[in-house]
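Worksheet: the structure to be examined is printed underneath.
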Amino acid sequence: MPSLDFRIPTPEEQESYAEIFARSFGLEPDDAVQWVRNFGYENTRVLVEGGHVLGGLVVYRAGQWFGGRRVPMGGIAAVAIDPPYRGRGCATALMREAVRAFAEEGFPIATLYPATPGIYRRAGFEQAGSRFEIRVPLSQCLFREREVVVRAETPDDRRTIEELHRRHGARYPGTLDRSDPLWARIRNPGGSRRTAATCSQGQTG
Ligand SMILES: CC(C)(COP(=O)(O)OP(=O)(O)OC[C@H]1O[C@@H](n2cnc3c(N)ncnc32)[C@H](O)[C@@H]1OP(=O)(O)O)[C@@H](O)C(=O)NCCC(=O)NCCS
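Under our numbering, the residues of the sequence shown are numbered 9 to 213, in order.
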């Protein structure tokens, strides 16, 4: 394995990483730039060989609830290696460095969603927990309680919704305590806008 640097990118290296990320995940270049910007380029790490960016990833800081306590969690996302450099251990090296850096910062846990388990197992990860996505068409919801008003989230609701999520999460081990960039991803995934709904009881109109 040749000598590789793992570091926070320079502005030129940031552009190279965003291009590799877009190509690797089939994103429009602008969406990729936006996605990385949401996390902040200071949270990007690149793998560089002889001044050339081979790939990179994004790190973020969040938490997970265990036994009612929030445990700091280092998250890893957008792992991407430029196609010509794949299959020579770059992603494995990148992952090992990211995990080492999190440990040095004092994070007891690191998590990610793996596209393929091998690379991540080599960096010390193992599969844990389950992820579910349940979609229910609103038309099939039989609301019996007509007193509840559902309306689009306003900026004033945000902190309340986040606090409710925290209170709920504290009761379920493993639940994510999102940081601001993760909430921003939920509200604005992949460049498209989504609207959160909020309910309140006892109001009409
Ligand atoms: C996945 C990726 C980061 C691997 O980079 P890499 O530098 O080639 O990885 P390494 O050389 O360290 O390890 C290669 C291993 O990954 C496996 N691998 C790579 N892409 C894979 C895929 N799409 N499906 C299954 N396994 C894959 C290889 O089979 C190899 O496994 P092995 O060593 O056990 O045989 C790179 O292929 C990539 O950028 N892919 C597109 C984006 C992506 O899927 N990112 C991961 C999101 S979690």
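C-beta: ideal position from N, C-alpha, C; glycine also.
- Residue 32 has its Cβ nearer than 7 Å to a heavy atom of ligand 1.
- For residue 126, the closest C-alpha among the options 139, 97 and 63 is that of 97.
- Secondary structure of residue 63 (DSSP, three-state): strand.
- Nearest Cα to residue 52 within the set 186, 169 and 103: 103.
- A buried status is given to residue 25, since no fewer than 16 other beta-carbon atoms sit within 10 Å of its beta-carbon.
- For residue 111, the number of other beta carbons within 10 angstroms of its own is below 16, and it is reported as exposed.
- Taking a 10 Å sphere around the C-beta of residue 197, we find fewer than 16 other C-beta atoms and assign the residue as exposed.
- For residue 20, no beta strand (DSSP E) encloses it; the enclosing alpha helix (DSSP H) starts and ends at 19 to 33.
- Residue ranges of uninterrupted beta strand (DSSP E) with 3 or more members, entirely inside the segment 70 to 104 and ordered along the chain, are 77 to 89.
- About 7 Å separates the beta carbon of residue 75 from that of residue 181, a gap short enough to meet the 8 Å contact definition.
- Relative to the non-hydrogen atoms of ligand 1, the Cβ of residue 88 comes within a distance shorter than 7 Å of at least one.
- In the DSSP annotation of this structure, residue 190 is not part of any beta strand (DSSP E); the continuous alpha helix (DSSP H) holding it starts and ends at 188 to 195.
- Scanning its chain for C-beta atoms nearer than 6 Å, with the 5 sequence neighbours on each side dropped, one finds around residue 63 the residues 28, 55, 88, 89, 90 and 98, in chain order.
- Secondary structure at residue 160: strand, using DSSP grouped into helix, strand and coil.
- Per the DSSP secondary-structure output, residue 54 pairs in a beta bridge with 15 and 64.
- In the three-state scheme derived from DSSP, where H, G and I count as helix and E and B as strand, residue 118 is classed as strand.
- Using a 10 angstroms sphere on the CB of residue 158, the tally of other CB atoms stays under 16, which defines it as exposed.
- The segment 78 to 87 makes contact with the segment 113 to 123: 3 or more CB pairs, one atom from each, lie closer than 8 Å.
- Note that the C-beta distance between residue 30 and residue 23 is not below 8 Å.
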